[in-house]
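Worksheet: the structure to be examined is printed underneath.
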Amino acid sequence: MAKEKVLVIGASGQIGVELTQALRKIYGNANVVASDLREQNELLKGTGPYVSLDVMNKEMLHVQVIRQNITQIYLLAAILSATGEKNPHLAWHLNMQGLLNVLDIAREEKLQKVYWPSSIAVFGPTSPRKLCPQRTIIEPSTVYGISKYAGEFWCNYFYGRYGVDVRSIRYPGLISYKSSPGGGTTDYAVEIFTEAIENGSYTCFLREDTFLPMMYMPDAIRATIELMEAPASKISVRTSYNVSGLSFSPREISEEIKKHIPSFSTVYAPDYRQAIADSWPQSIDDSVARQDWGWQHEYDLPRMTAEMLSNLGKTDSLLV
Ligand code: NAD
Ligand code: SER
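Structural data, given as structure tokens:
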């Protein structure tokens, strides 16, 4: 097998840190180059190569790909849903141009593979609310969702027209403790843990009955790697795959945290993010991913909650 050299763009972000760690285990520390606009995350320091890189600077990106003999790119740099609504033009510009820069270079340099994540945000108010299927009505109402939907079809186009082996997952909201989330609507489900531990209470920016598709980060990293390692013959979707993990509301996750911290309380003060959440499905049908490359999630809400609290510094002695 030819030696792989991987470039992770946006490696200091919520997914980037853990994905870089996982890729370094597979390919070796020296063969996974982390890059970001931001400085290197503390958890990655000393574990492998890092370059400061702006994905919008196509020439610099191209130089790095050639200089480092890159064979695969994981593109994670993006502006997420909530931040995107504050600056729609910037979100569109970064989310689209960053992807096009990577796809062009992948085509020119004949890279082995590209990974680019989409999101459940591609779905809109007219999509089915429950068990939203792989193929359905897709009319996103956020600039983030519009950029993800357009991006999915750019991936499909580069695969069909130029043979670029680009693969994608529509991640649900991701919950993790290693690196902070970067401005999404599902960020409440991370904040609630840190606030529970630090303050014993949380003011949630969504209504208590707002169900959204969610996933614990270890499942998301495993899904990404399993998709990227699957034989090309197993990949029938070249836009982006639905994958499902959990579906819960702020009230349900609060109740689960209370099993560990009985005094924990949540108040609800919905803001502009409520409208974004209301436009998304509550749960996702991922049967195509299951059939094509054997996807199966592992974490349920109780297990994820226990791990999050434990990893953020709580001990089992608080269990009631
Ligand atoms: P994040 O905001 O935590 O990380 C993005 C990283 O990209 C940041 O470290 C940022 O500094 C970097 N970046 C921004 N502009 C850049 C530029 N011009 N050049 C290089 N780096 C730049 O985001 P994340 O949560 O890790 O998300 C990664 C990808 O996964 C995004 O495409 C996002 O849409 C997608 N996604 C995330 C979630 C989630 O819940 N986290 C859910 C669905 C999809
Ligand atoms: N977690 C992301 C967001 O809320 C979903 O793509 O923006």
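Add 212 to a position in the sequence shown, counting from 1, and you land on the number used in the numbering used here. The beta carbon of each residue, even a glycine, is placed where N, CA and C say it ideally should be. Being a predicted model, the structure only gives us computed values, none of them experimental.
When the beta-carbon positions are compared, residue 257 and residue 495 stay at least 7 Å from each other.
Assignment of beta-bridge partners to residue 426 by DSSP yields 385, 458. Residue 435 and residue 230 have their C-alpha atoms roughly 13 Å apart. Inside the region 360-404, DSSP marks whole beta strand (DSSP E) runs of 3 or more residues at positions 381-383, 385-387, from first to last along the chain. Residue 270 and residue 465 have their C-alpha atoms some 42 Å from each other. Note on geometry: alpha-carbon atoms of residue 327 and residue 504 lie some 17 Å from one another.
Closer than 6 Å to some heavy atom of the ligand SER: that does not describe the Cβ of residue 242. Shown here, residue 229 sits in a helix according to DSSP, grouped into three states. The beta-carbon separation of residue 396 and residue 293, rounded to 5 Å, stays under the 8 Å limit for a contact.
Taking 6 Å as the cut-off, one finds no heavy atom of the ligand SER near enough to the beta carbon of residue 401. Ranking 449, 337, 273, 401 by CA distance to the CA of residue 378 puts 449 first.
Going by C-alpha positions, residue 380 is about 27 Å away from residue 515. Linking residue 265 to residue 474 through their CA atoms gives a straight-line distance of about 45 Å. Distances from the CA of residue 430 to each of 525, 218, 489, 386 were compared; the closest alpha carbon is that of 386. When Cβ pairs closer than 8 Å are counted between the two stretches, the region 401-410 is seen not to touch the region 354-369, the count staying below three. Under the 8 Å Cβ criterion, the region 353-362 does not count as touching the region 418-433, having fewer than three qualifying pairs. Around the beta carbon of residue 217, a 10 Å sphere encloses 16 or more other beta carbons of the protein chains shown; the residue is thus reported as buried. Where residue 246 is concerned, there is no enclosing alpha helix (DSSP H), although the beta strand (DSSP E) around it starts and stops at 244-248.
Taking the Cα positions, residue 323 is about 7 Å away from residue 282.
The beta carbon of residue 524 sits closer than 7 Å to those of 389, 405, 406, 409, all from its chain and outside the five residues before and after it, given in chain order. In this model, residue 361 and residue 339 are separated by some 13 Å (Cα to Cα). Less than 7 Å separates the beta-carbon of residue 319 from that of residue 376. Positions of the beta strand (DSSP E) runs, each at least 3 residues long and wholly inside the region 269-309, are given as 284-287 in order along the chain.
Assigned with DSSP and collapsed to three states, residue 311 falls in helix. Distance from the C-beta of residue 336 to the nearest heavy atom of the ligand SER is not below 6 Å.
In the three-state scheme derived from DSSP, where H, G and I count as helix and E and B as strand, residue 478 is classed as strand. Annotation for residue 309: 268 place their beta carbon closer than 7 Å to its own, counting only its chain and skipping 5 residues before and after. At least one heavy atom of the ligand NAD sits closer than 6 Å to the Cβ of residue 386.
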